[in-house]
Amino acid sequence: MLWWMWIVLWTVLVLVSLAFIVGAVWGLVTKKALPALREVEAFADDFTVRWNAAAQGATQPLRTPAEPAVFTPVNSARAAYSSGRDQRHTARLIRRMNRKDAKGQPQRLSDLRRAERKGIHHGPLV
-1 MLWWMWIVLW TVLVLVSLAF IVGAVWGLVT KKALPALREV EAFADDFTVR WNAAAQGATQ
59 PLRTPAEPAV FTPVNSARAA YSSGRDQRHT ARLIRRMNRK DAKGQPQRLS DLRRAERKGI
119 HHGPLV
């Protein structure tokens, strides 16, 4: 075989291999990746519509992210956390007592004692 025949043979082999790889990638992109991306886009659009509809019907505004507390002194951060925790506990206590009142269920004795300590008076029992 002549030397230029080897060059032609290898050039054809490389071009055929490259065409095969391009065809395989093209088929993969058009048959798998693009439909998956369209599906993700449709899901994101649907999620956005449902999120906005839920946000409009919300009685409370959506929670905003907290400010970064990198430079906040430790004592003030600890005090803010403690006061927020106490407020959450009190709010949970009031919600639980109101829910039990609405259902006509007896109150928990620990709730009544905790409410009395916090200065919340509940009915004639406290």
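The opening residue of the sequence shown carries number -1 in the numbering used here; numbering runs sequentially from there. Glycine is no exception: its CB is placed at the ideal position from the N, C-alpha and C atoms. Quick caveat, the model's predicted, so the values are computed rather than measured.
Exercise. Nearest-angstrom Cα distance between W2 and T9?
Worked result: 11 Å
Problem set entry | Sequence ranges, alpha helix (DSSP H) only - wholly within the stretch 4 to 55, length at least 4 | 32 to 54
Problem set entry | Exposure label - L107; buried when at least 16 CB within 10 Å | By the neighbour-count rule (16 or more Cβ atoms within 10 Å), L107 is not buried but exposed.
For this session: Below 7 Å CB to CB, which residues in the same chain sit around N73 once its five sequence neighbours on both sides are set aside?
Result: none
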